[in-house]
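Trainee:
In my numbering, the protein residues as written are 249 to 666.
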């Protein structure tokens, strides 16, 4: 009887909250020191909740600063991070695009800023539902980036991101992306971890000396963002950003392992999570909240006797090339499902381009079918995902391509328009 009671003792504080609120709690748990804020749907309630925390003195010592635009929001966290503080902000869609200049400045200065992205459909026409084109369009800025599939993963990934970004072998900024409205505005249970455990997990806040490579100190003068002539170190600086991305892979893996040891939640190796892929004939690569629904689709199709599996992509940058190759070796055919666009590319979707690039010249002969669906938050039903799996099974067995292939990509769920 005593043992049975132990199972029901609540060890954590569990709240039924929206994804945006989970973001705010994660920033609070991480003890961020500077928050810059500007509202843009669907992330607005992130900064609103942080404002509430700040006004209620629940984040003592944290500076909460309101600005007139996303460009200024990013300029502020860049300045604050240069001064040696743990910084945070959130944005979405057009806000990312408006801040694009500053996004490059943050990566070039190797600042460990963490930013939440409630991804939405870019304009025009625009909407405020899930579409990852906004964050994926920042591919070549030098930022790390990851996707979240659940409310709990949003909270957890922000904590893990600070540990990764502030590692002195990495020192890069990072986007943590999740679907607008699908996750940002629905409510689910989220475990808010004990502060002592979070403090144990995260690195200590930076000292007054700042980061090891950059600081603001009149006793140690340093120039920021100065002009470098072609014979200078511009070229080498870019190489070092790329090198830090490659090194970050092992750091992401070790952080995910440590997170599981402390908090008990597993996120694969940090870069990817596999689901029933080991004995599968065909599989899918998928990211964001649709990955959770795909697990149910896989279970249902397996109940019909078909061996199917999934690789959930957690990180887009650094891209897990080695994991993609290893996963592709297990199956005959992979469908890569994008909820974003890469206009004019070889596939039309950014992740499918990356998967094809990873497999090229790898010696792996697994076939790849690029698939795009759910753009602008269009509903992707469980039945539609089951049909996608069965389509892959049929393609693998017969070699017969679907009729709706457009320029080598299946745009699934298109309406008929002129």
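We put the CB at the ideal spot given by N, CA and C, even for glycine.
1. Smallest Cα separation from residue 656: which of 665, 601 and 611?
2. The alpha helix (DSSP H) with residue 604 in it runs from where to where?
3. Starting from residue 452, follow its DSSP beta bridges and name the residues at the other end.
4. Between 276, 325 and 318, which has its C-alpha nearest residue 306's C-alpha?
5. Excluding the five sequence neighbours on either side, which residues of its own chain have a C-beta within less than 7 Å of the C-beta of residue 460, listed in chain order?
6. Which residues bound the beta strand (DSSP E) around residue 284?
7. Grab the span of the alpha helix (DSSP H) containing residue 493 for me, first residue to last.
8. What separation, rounded to the nearest whole angstrom, lies between the Cα atoms of residue 396 and residue 562?
9. With burial defined as no fewer than 16 other Cβ atoms inside 10 Å of the residue's Cβ, what is the status of residue 258: buried or exposed?
10. Where residue 260 and residue 407 are concerned, what is the direct C-alpha to C-alpha distance, given to the nearest angstrom?
11. State yes or no: is the C-beta of residue 560 within less than 9 Å of the C-beta of residue 523?
12. Within the same chain, show all residues whose beta-carbon is closer than 8 Å to that of residue 319, passing over the 5 residues directly before and after it, in chain order.
13. If you draw a straight line from the C-alpha of residue 663 to the C-alpha of residue 633, how long is it?
14. Which same chain residues, not among the five before or five after residue 343, have their C-beta less than 6 Å away from its C-beta?
15. Where does residue 264 land, buried or exposed, given buried means 16+ other C-beta within 10 angstroms?
16. What's the call for residue 357, buried or exposed, on a 16-neighbour Cβ count within 10 Å?
17. Would you check if there are 3 or more beta carbon pairs closer than 8 Å linking the region 524-531 to the region 586-593?
18. On the DSSP bridge list, what partners appear for residue 304?
19. Are the CB atoms of residue 314 and residue 354 nearer to each other than 9 Å?
20. For the beta strand (DSSP E) that contains residue 668, what are its first and last residues?
21. Ends of the beta strand (DSSP E) at residue 617?
22. Check whether the region 536-549 touches the region 607-615, taking contact to mean three or more Cβ pairs, one atom from each stretch, closer than 8 Å.
23. Does residue 194 come out as helix, strand or coil in the three-state DSSP assignment?
24. At a cut of 8 Å, does the region 448-462 reach the region 362-373 through at least three beta carbon pairs?
25. How long is the line joining the alpha carbons of residue 462 and residue 332, rounded to whole angstroms?
26. If I measure Cβ to Cβ from residue 312 and keep anything under 7 Å in the same chain, skipping five residues before and after, which residues do I get?
27. Can you name, in chain order, every residue of its own chain whose Cβ lies under 7 Å from the Cβ of residue 624, other than the five neighbours on each side?
28. So residue 403 and residue 438 are supposed to be a Cβ contact under 8 Å. How far apart are they, rounded?
29. Compare the C-alpha of residue 295 against each of 548, 336, 534 and 419 and name the closest.
30. Residue 309: buried (16+ other C-beta within 10 angstroms of its C-beta) or exposed?
31. Decide yes or no for the touch test of the region 419-431 against the region 382-402: beta carbon pairs closer than 8 Å, at least 3 of them.
32. Give the range of the alpha helix (DSSP H) segment to which residue 320 is assigned.
33. Could you check what DSSP says for residue 560 in three-state terms: helix, strand or coil?
34. Which one of 540, 469 and 484 has the shortest CA to CA distance from residue 431?
Mentor: Per the coordinate set shown:
1. 601
2. 598-607
3. DSSP, once it has assigned bridges, lists no residue as partnering residue 452.
4. 276
5. 416
6. 282-285
7. 482-511
8. 7 Å
9. Residue placement at residue 258 is poorly supported in this model, since its pLDDT is 45, which falls under 50; the coordinates still yield a value, given next. With fewer than 16 other Cβ atoms within 10 Å, it is exposed.
10. 16 Å
11. yes
12. 346, 347, 349 and 350
13. 17 Å
14. 288 and 318
15. exposed
16. buried
17. no
18. DSSP output for residue 304 lists no bridge partner at all.
19. no
20. Nothing about residue 668 can be reported from this structure: the residues present for the chain run from 249 to 666 only.
21. 615-620
22. no
23. With the chain covering 249 to 666 only, the question about residue 194 has no answer from this structure.
24. no
25. 8 Å
26. 283, 285, 298, 299 and 302
27. 369, 375, 377 and 379
28. 5 Å
29. 336
30. exposed
31. yes
32. 318-330
33. strand
34. 540
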